[in-house]
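J.:
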Amino acid sequence: MASDLASQDYRLDEQVGFLLRKANQRHLTILSGMMPGGLTSMQFSTLYRLATEPGPVSQNALGRMVAMDAATTKGVVARLQARNLIRTEPDPTDKRRYTLSTTEEGRALLAGILPVMREITRETLAPLSPTEQETLVRLLKKIS
């Protein structure tokens, strides 16, 4: 049975999804060892997106901006709110909705983390030459 599968023209170690998952695991290992402030990668992405948007953002829009499903976004938002890093306010144009924005505490934490995030990226890409790094980032942007 195993030999039948092995003879097919499919190699797990050559599949893009498998390789992306392995690369992501490597990146998350580096990140968890270096990340100050007790944030996860998703919490960092959420905080960063909110801090760099020109105004408050709805939770649905935020989820799309950081590529998270609604349930994950809700949990991340709740954890950041509990730490007073983001706040919710009623949407002035739609009273049924709330918008999200960063607090001063959230922006201050983010400012201290950004240099470390640059180092995490450098460490993640360290096995690649500068040209390979640029190519990888360009190709990932193209397929995402």
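Quick note on numbering: the sequence shown equals residues 1 to 144 in UniProt numbering.
In this text, a Cβ means the ideal position worked out from N, Cα and C, and glycines have one as well.
Taking 8 Å as the threshold, find out whether the segment 102-122 comes into contact with the segment 82-92 through three or more Cβ pairs.
T.: yes
J.: I need the DSSP call for Asp69, collapsed to helix, strand or coil.
T.: coil
J.: Going along the chain, which residues of its own chain have a beta-carbon closer than 7 Å to the beta-carbon of Glu119, five neighbours each way excluded?
T.: Met34
J.: Where does Gly63 land, buried or exposed, given buried means 16+ other C-beta within 10 angstroms?
T.: buried
J.: What is the DSSP secondary structure of Ser144, reduced to helix, strand or coil?
T.: coil
J.: If you check the beta carbons only, do Ser45 and Thr99 fall under 7 Å apart?
T.: no
J.: Rounding to the nearest angstrom, what Cα-Cα distance links Pro54 and Arg11 in this structure?
T.: 46 Å
J.: Leaving out the 5 sequence neighbours to the left and right, which residues in its chain are closer than 7 Å to Leu28 when beta-carbon positions are compared?
T.: Taking Leu28 as the centre and dropping the five residues before and after it, the same chain places the C-beta of Ser41 closer than 7 Å to its C-beta, in chain order.
J.: Looking only at its own chain, which residues have a Cβ that is under 8 Å from the Cβ of Gly112, when we skip the five neighbours before and after it?
T.: Pro36, Gly37
J.: Distance check for Met65 and Thr52, CA to CA, integer angstroms please.
T.: 11 Å
J.: To the nearest angstrom, how far is it from the Cα of Lys95 to the Cα of Thr135?
T.: 45 Å
J.: Can you tell me which residues form a DSSP beta bridge with Ser101?
T.: Arg87
J.: Report yes if the C-beta distance between Leu47 and Leu110 is below 7 Å; otherwise report no.
T.: Their beta carbons are under 7 Å apart, which means Leu47 touches Leu110 by this criterion.
J.: Mind reading off the beta-carbon distance from Val76 to Gln25? Whole number of angstroms is fine, and I expect it under 8 Å.
T.: About 20 Å; that fails the 8 Å criterion.
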